[in-house]
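The structure under discussion appears below in the form of structure tokens.
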Amino acid sequence: MSNIQNMSLEDIMGERFGRYSKYIIQERALPDIRDGLKPVQRRILYSMNKDGNTFDKGYRKSAKSVGNIMGNFHPHGDYSIYDAMVRMSQDWKNREILVEMHGNNGSMDGDPPAAMRYTEARLSEMAGYLLADIEKKTVPFAWNFDDTEKEPTVLPAAFPNLLVNGATGISAGYATDIPPHNLAEVIDAVIYMIDHPSAKLEKLMEFLPGPDFPTGAIVQGADEIKKAYETGKGRVVVRSRCDIEPLKAGKKQIVITEIPYEVNKANLVKKIDDIRLNNKVPGIAEVRDESDRTGLRIAIELKKDSDEQIILNYLYKYTDLQINYNFNMVAIDNFTPRQVGLQKILSSYIAHRRDIIIARSKFDKEKAEKRLHIVEGLIRVLSILDDVIALIRASENKADAKENLKVSYAFTEEQAEAIVTLQLYRLTNTDIVTLEEEEEKLRQQIMTLSAIIADEKTLFNVMKKELREVKKKFGNPRRTELQKKAQQIQIDTASLISEEETYVSVTKAGYIKRTSPRSYSASNMEEVGKRDDDDLIFVTSAKTTQHLLIFTNLGNLIYRPVHELADIKWKDIGEHLSQSITNFATDEEVLYAEVLDQFDETTYFAVTKQGQIKRFERKELSPWRTYKSKSVKFAKLKDTSDFVLTVAPIMLENVILVTENGYALHFPIEEVPVVGPKAAGVKAVNLKEGDSVASAFIVNTETMYVLTQRGSLKKMAVDQIPLGSRAKRGLLVLRELKTKPHRVFSAGAVKNHRDDLNLFTLDQQDMNECLQITSKTGRVIDVNLADLSLSERTSNGSFVSDDISDQEVYTAKLI
Numbered sequence: 001m002s003n004i005q006n007m008s009l010e011d012i013m014g015e016r017f018g019r020y021s022k023y024i025i026q027e028r029a030l031p032d033i034r035d036g037l038k039p040v041q042r043r044i045l046y047s048m049n050k051d052g053n054t055f056d057k058g059y060r061k062s063a064k065s066v067g068n069i070m071g072n073f074h075p076h077g078d079y080s081i082y083d084a085m086v087r088m089s090q091d092w093k094n095r096e097i098l099v100e101m102h103g104n105n106g107s108m109d110g111d112p113p114a115a116m117r118y119t120e121a122r123l124s125e126m127a128g129y130l131l132a133d134i135e136k137k138t139v140p141f142a143w144n145f146d147d148t149e150k151e152p153t154v155l156p157a158a159f160p161n162l163l164v165n166g167a168t169g170i171s172a173g174y175a176t177d178i179p180p181h182n183l184a185e186v187i188d189a190v191i192y193m194i195d196h197p198s199a200k201l202e203k204l205m206e207f208l209p210g211p212d213f214p215t216g217a218i219v220q221g222a223d224e225i226k227k228a229y230e231t232g233k234g235r236v237v238v239r240s241r242c243d244i245e246p247l248k249a250g251k252k253q254i255v256i257t258e259i260p261y262e263v264n265k266a267n268l269v270k271k272i273d274d275i276r277l278n279n280k281v282p283g284i285a286e287v288r289d290e291s292d293r294t295g296l297r298i299a300i301e302l303k304k305d306s307d308e309q310i311i312l313n314y315l316y317k318y319t320d321l322q323i324n325y326n327f328n329m330v331a332i333d334n335f336t337p338r339q340v341g342l343q344k345i346l347s348s349y350i351a352h353r354r355d356i357i358i359a360r361s362k363f364d365k366e367k368a369e370k371r372l373h374i375v376e377g378l379i380r381v382l383s384i385l386d387d388v389i390a391l392i393r394a395s396e397n398k399a400d401a402k403e404n405l406k407v408s409y410a411f412t413e414e415q416a417e418a419i420v421t422l423q424l425y426r427l428t429n430t431d432i433v434t435l436e437e438e439e440e441k442l443r444q445q446i447m448t449l450s451a452i453i454a455d456e457k458t459l460f461n462v463m464k465k466e467l468r469e470v471k472k473k474f475g476n477p478r479r480t481e482l483q484k485k486a487q488q489i490q491i492d493t494a495s496l497i498s499e500e501e502t503y504v505s506v507t508k509a510g511y512i513k514r515t516s517p518r519s520y521s522a523s524n525m526e527e528v529g530k531r532d533d534d535d536l537i538f539v540t541s542a543k544t545t546q547h548l549l550i551f552t553n554l555g556n557l558i559y560r561p562v563h564e565l566a567d568i569k570w571k572d573i574g575e576h577l578s579q580s581i582t583n584f585a586t587d588e589e590v591l592y593a594e595v596l597d598q599f600d601e602t603t604y605f606a607v608t609k610q611g612q613i614k615r616f617e618r619k620e621l622s623p624w625r626t627y628k629s630k631s632v633k634f635a636k637l638k639d640t641s642d643f644v645l646t647v648a649p650i651m652l653e654n655v656i657l658v659t660e661n662g663y664a665l666h667f668p669i670e671e672v673p674v675v676g677p678k679a680a681g682v683k684a685v686n687l688k689e690g691d692s693v694a695s696a697f698i699v700n701t702e703t704m705y706v707l708t709q710r711g712s713l714k715k716m717a718v719d720q721i722p723l724g725s726r727a728k729r730g731l732l733v734l735r736e737l738k739t740k741p742h743r744v745f746s747a748g749a750v751k752n753h754r755d756d757l758n759l760f761t762l763d764q765q766d767m768n769e770c771l772q773i774t775s776k777t778g779r780v781i782d783v784n785l786a787d788l789s790l791s792e793r794t795s796n797g798s799f800v801s802d803d804i805s806d807q808e809v810y811t812a813k814l815i
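All residue numbers for the sequence shown refer to the UniProt record's numbering, where the first residue is 1 and numbers rise by one.
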């Protein structure tokens, strides 16, 4: 029980997670800044090299290599090792592959590799340069997981692998994304920095201008590359390489030959084909993946007369044909994760290679000195060979012979050992000249190595020479094209809509829909789908490229592109505005709707119940960002009891307002200023206390009607209300009664044909205006306004039925 400790859960979790985080940061997910390798990659390369599984020998089963790596160095799942090995063999993930693999090692389509028992692998020649001189005590070694073998903590790395192959990984609190680069360009930058240790970034970028992805493509944004090389963070645009090829019959096709780095080709082709199937952009006839062993090729066949640039821009914006690549250059530097720029990566690599070359030179110098010492002894032996042979024959054993040589001829222990172990056949052709040549060569080598160790300039010359050799052997042309500026993708949304004929309808309660000509033609007007208490106030033929504007009595404007309206049968009810418009009130009603081609200079007027009037322009109503879910104001109301009575387009006509108490005011619309949609407007009529506006309409005919709440109706000449000014009281159009006085229910212009803007019907047999009056008891009375005779201005008109005065009017509408 003495081992039990009382600790808080917070301390335990903090301590354990801290250790775990430290491990996966340092020992799993992030690359070392010196050799650019994660621990699993380093162990794979070291183990395969140790087992002789190199480029100059035959391939070996991947399972055998994985088993050796797991058993000796990497005590984790075999899949994690094999996955890392496969990735190092994929030439679309690495700029220079480090493992060569026979068999299925996956594909750009995201296909998994074959199981390790089926594939064979060996190190690439390039990998040999990462491991070169590892046997010369050039890098520190550490015990493996079970203390049975030692493994390197870093590789000698004869080229800057971190930049050449890049890295990607996620650990606790850190992630890294370093893009691949061109080997020749990286080496040129390293060589320049060796000569100019404090080189400016701009100068380094003359040699290393940007990433070079194995999949090619186009990188845009020189400023962002510079920012990334400066700070370790930045974002560039990577765009596919696309060409337009002509086909027969005037058709064209877009051919994609290079796609962005780490984009799944199969998913990309599927996404493009989905766009074709859903007709999100018109003009795509077929999408084909024509890739084969010779290279990548995706063909997008276009319909005749399609605009290839619009289609291409759409695909750039909405598919992985163009992506953003985010630099996040994090690497382990001196056991610590750091976000590093280009200068730091290059300087760390140069410092690493300096240590490697010094350690290698010391090892080679020590080895050469040992050999020189032996050669010097052998040269001496040849001059006294017979005496030495006699001495050895006279000795009792090997140890005695060595001791006699040391005492008699002053040979050292090492020289005596070499003499007594010299095989007799070597004496047959032992030539002093050969030994002297070897002696001279060794002295020269020792002198060179001493110079490298002692003189930094000589050391850096060796470093540059070796880097140039790697460049000469493995350098290859850049694949990725760099463009200075990222091109902005501009899509004319109208061009993405295929033009179709349709019918648009709107009801007073706010149900909207578009209907195919086929469904519309198969029905008559009365069969429209709507609630029994609702009225159809707008229906028109339209094109899917047009726009629908809906004005409500609460001063709200709703916008819908016609192509976004739900396609619903004529006999079905349609979609209610509250389903998408979050601020559509329960008591809100549609006053007016129209379909238009563009937001031009057309002017509207709006009048509210409390006597405010305004004019505003259509161009101010152009679509807003949140139009799908929110309406915007076209009229500001005084309070919650106020609402809009009338809204309609207007030219330079006159308007008439009629109040409930029977006052009519006639004035030119020029007196009303044009203001913004959110403004309240100005006073239209000087209302008495308790009075309000009953109707407002444009004067475009010679006659008008007035209907009272008691069901009395009259038609009168417009010129009985002389033209005046805005904000006056107006003239009475009713005679005041002491008992049961008449109050205006509605008023309007009397037209002689169906030219109203709000509603049209294909049945135009009756060209006269008909007023349909519904009493509060539900009785419906239709009155043909053309049949009415003209009345005096002060007349109260005639009742539309004998009992309407007692029932009173509930609704009235022109049909």
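We put the beta carbon where it would ideally sit given N, CA and C, even for glycine.
All of these numbers come straight from a predicted model, not from anything done at the bench.
With residue i as the anchor, note down where its alpha helix (DSSP H) starts and where it stops.
{"i": "residue 368", "result": "342 to 383"}
{"i": "residue 84", "result": "78 to 89"}
{"i": "residue 310", "result": "308 to 318"}
{"i": "residue 446", "result": "432 to 454"}
Tell me residue i's beta-bridge partners as DSSP assigns them.
{"i": "residue 548", "result": "560, 595"}
{"i": "residue 631", "result": "Answer by DSSP bridge pairing: none, since residue 631 is not bridged."}
{"i": "residue 746", "result": "707"}
{"i": "residue 324", "result": "237"}
{"i": "residue 538", "result": "506"}
{"i": "residue 246", "result": "252"}
{"i": "residue 567", "result": "514"}
{"i": "residue 338", "result": "331"}
Considering only residues of the same chain and omitting the five flanking positions on each side of residue i, which have a CB-CB separation below 8 Å?
{"i": "residue 412", "result": "373, 377, 406"}
{"i": "residue 603", "result": "615, 616, 617, 618, 649, 650, 651, 674"}
Identify whether residue i lies in helix, strand or coil by the three-state DSSP scheme.
{"i": "residue 63", "result": "helix"}
{"i": "residue 174", "result": "coil"}
{"i": "residue 601", "result": "coil"}
{"i": "residue 39", "result": "helix"}
{"i": "residue 797", "result": "coil"}
{"i": "residue 791", "result": "coil"}
{"i": "residue 5", "result": "coil"}
{"i": "residue 19", "result": "helix"}
{"i": "residue 141", "result": "strand"}
{"i": "residue 656", "result": "strand"}
{"i": "residue 205", "result": "helix"}
What residue from the options has the CA that sits closest to residue i's CA?
{"i": "residue 184", "options": "114, 731, 61, 164", "result": "164"}
{"i": "residue 648", "options": "714, 552, 107, 728", "result": "552"}
{"i": "residue 414", "options": "367, 73, 469", "result": "367"}
{"i": "residue 808", "options": "745, 419, 480, 749", "result": "745"}
{"i": "residue 800", "options": "16, 777, 711", "result": "711"}
{"i": "residue 816", "options": "695, 49, 136", "result": "Nothing in the structure corresponds to residue 816, since the chain is present only between 1 and 815."}
{"i": "residue 612", "options": "657, 466, 54, 600", "result": "657"}
Can you give me the Cβ contacts of residue i inside the same chain, cut-off strictly under 7 Å, excluding the 5 residues immediately before and after it?
{"i": "residue 371", "result": "442"}
{"i": "residue 818", "result": "Residue 818 lies beyond the stretch modelled for the chain, which goes from 1 to 815, so this question has no answer here."}
Can you tell me where the beta strand (DSSP E) with residue i in it begins and where it stops?
{"i": "residue 652", "result": "From DSSP, residue 652 is part of no beta strand (DSSP E); its letter is neither H nor E."}
{"i": "residue 228", "result": "Unbroken run through residue 228 is the alpha helix (DSSP H), 222 to 231; no beta strand (DSSP E)."}
{"i": "residue 514", "result": "511 to 515"}
{"i": "residue 289", "result": "284 to 289"}
{"i": "residue 733", "result": "It is not in any beta strand (DSSP E) - residue 733 carries neither H nor E in the DSSP assignment."}
{"i": "residue 253", "result": "252 to 258"}
{"i": "residue 664", "result": "663 to 668"}
{"i": "residue 693", "result": "693 to 699"}
In chain order, what residues of the same chain have a beta carbon less than 6 Å from the beta carbon of residue i, not counting five sequence neighbours either side?
{"i": "residue 404", "result": "391, 395"}
{"i": "residue 734", "result": "662, 742, 796"}
{"i": "residue 709", "result": "743, 745, 808, 809"}
{"i": "residue 770", "result": "782, 784, 815"}
{"i": "residue 142", "result": "153"}
{"i": "residue 569", "result": "519"}
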